[in-house]
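In this note's numbering, the protein residues as written are 14 to 384. For each residue, glycine too, the CB sits at the ideal point set by N, CA and C. For reference, the structure is listed below as structure tokens.
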Ligand code: SMG
Ligand code: MG
């Protein structure tokens, strides 16, 4: 495969409801989309999952934009690689910047699967035509709103509820949610809002039968998570701290987690995500697909990844309508009444890209071509 053109665009998309985590509130997404073309005009689409600011991780959209145009595009344009699985290698000299790398890499996978005429999920080696879905519910202004939201999501069939926690919105909230919904699959995500000093409060959460506590401690830590895990009955799930298969191996060896959240952007694309899935599967660690408030393109990429064998727990992959008035793919992502999504049958991502809508949402664009 050889990429001869890379098109970058920034689109703005307003969320139907704000999303708040321990590090802040998002109301409108600024999303970097990447379209790659080969010499025969076949195309592939990827999405950069970097946020509006460097708060979830160091990456953010303007940094990703710059690193893509100045380094990643020149490093990949006109370079022959055997397959999409080799695209990540082209970027080896660039440290970090995995979300930017993943946008191009995942686009190449879409292109390759399209050219082969197979669904991306099959091309990746997926084994599951229907994936289990959960929702991630941000911090709300009131507990009542949170409880109402949970009720609606359960009515829509979602198999697992994740709530965001932070100091001051944690134990009591979990207690009330549990009291109202005694039997649901419930988990919390702290996005690194705590330290080991909070171990007593985190230990108290053991009482509520949570499926897991996601990333309680620092975004780049594994050692303290291992100490904390030894004190908890509830499994710890790592998100931010696992950026590669090597990170996953070390985390598992240390006992820093019993579950791993895999995000395409955070680990740099499909090739590395498959390696993370494999390391975890071989160590008996279940994984699930995380979410980054993606548009339909990133969501379709996530659906494909979540069909891999090791993705045995419901992911943060939910219907387009939970995020957007109108998505940029067609049909929008729909969730069945039993809380699942069918992986599409069509080639590549398996959704139609709404070019006109993307055009209308674009605030800047840049196209780079091989020399
Ligand atoms: O896409 O539904 C979604 C959001 C899922 O909770 C979610 N993501 O740490 O797992 C996580 C967060 C990061 C979102 S940053 C705005
Ligand atoms: Mg998380």
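Classify residue i: buried if its beta carbon has 16 or more other beta carbons within 10 angstroms, exposed otherwise.
| i | result |
| --- | --- |
| residue 30 | exposed |
| residue 307 | buried |
| residue 327 | buried |
| residue 352 | buried |
| residue 177 | buried |
| residue 376 | exposed |
| residue 373 | exposed |
| residue 284 | buried |
| residue 286 | buried |
| residue 296 | exposed |
| residue 247 | buried |
| residue 147 | buried |
| residue 151 | buried |
| residue 54 | exposed |
Following the continuous beta strand (DSSP E) through residue i, name the residue where it begins and the one where it ends.
| i | result |
| --- | --- |
| residue 244 | First-last for residue 244: 236 to 244, but that is the alpha helix (DSSP H), not the beta strand (DSSP E). |
| residue 17 | 16 to 34 |
| residue 380 | 375 to 382 |
| residue 218 | Premise fails: residue 218 is in no beta strand (DSSP E) and is neither H nor E. |
| residue 37 | 37 to 51 |
| residue 56 | 56 to 61 |
| residue 119 | Premise fails: residue 119 lies in the alpha helix (DSSP H), 111 to 129, not in any beta strand (DSSP E). |
| residue 386 | Because the chain in this structure spans residues 14 to 384, residue 386 falls outside the shown range and cannot be described. |
| residue 250 | 249 to 251 |
| residue 72 | Residue 72 -> no beta strand (DSSP E), and no H or E assigned at all. |
| residue 302 | 300 to 302 |
Given this structure, state the Cα-to-Cα distance separating residue i from residue j, to the nearest angstrom.
| i | j | result |
| --- | --- | --- |
| residue 339 | residue 222 | 37 Å |
| residue 256 | residue 262 | 11 Å |
| residue 234 | residue 244 | 17 Å |
| residue 72 | residue 66 | 8 Å |
| residue 298 | residue 271 | 6 Å |
| residue 119 | residue 171 | 27 Å |
| residue 300 | residue 288 | 12 Å |
| residue 126 | residue 96 | 10 Å |
| residue 383 | residue 21 | 14 Å |
| residue 100 | residue 302 | 22 Å |
| residue 19 | residue 93 | 15 Å |
| residue 128 | residue 267 | 42 Å |
| residue 200 | residue 121 | 34 Å |
| residue 50 | residue 365 | 16 Å |
| residue 367 | residue 341 | 5 Å |
| residue 27 | residue 334 | 12 Å |
| residue 195 | residue 91 | 57 Å |
| residue 38 | residue 242 | 29 Å |
The alpha helix (DSSP H) spanning residue i covers which residue range?
| i | result |
| --- | --- |
| residue 135 | 133 to 136 |
| residue 313 | 309 to 318 |
| residue 98 | Residue 98 -> no alpha helix (DSSP H), and no H or E assigned at all. |
| residue 264 | 258 to 267 |
| residue 163 | 156 to 168 |
| residue 273 | Element bounds for residue 273: not the alpha helix (DSSP H) but the beta strand (DSSP E), 272 to 275. |
| residue 367 | Neither: residue 367 is in no alpha helix (DSSP H) and is coded neither H nor E. |
| residue 148 | Residue 148 -> not in any alpha helix (DSSP H); beta strand (DSSP E) instead, spanning 148 to 150. |
**Report entry** At least three beta-carbon pairs within less than 8 Å, the region 352 to 368 to the region 130 to 143
**Finding:** yes
Report task. Report yes or no: do three or more beta-carbon pairs, one from the region 114 to 132 and one from the region 276 to 283, lie closer than 8 Å? Result -> yes
Query raised in the report: Counting pairs of beta carbons, one from the region 78 to 85 and one from the region 312 to 328, are three or more of them closer than 8 Å?
Result: no
Query raised in the report: Given 8 Å as the limit, is there contact between the region 300 to 318 and the region 49 to 65, that is, 3 or more CB pairs closer than that?
Result: yes
Query - Contact between the region 103 to 111 and the region 19 to 39 (3+ Cβ pairs under 8 Å) - result: no
Requested in this report: Report yes or no: do the region 196 to 213 and the region 236 to 255 share at least 3 C-beta pairs separated by less than 8 Å?
Outcome: yes
Report task. Decide if the region 130 to 138 is in contact with the region 155 to 165; the criterion is three or more beta carbon pairs, one per stretch, under 8 Å apart. Result -> no
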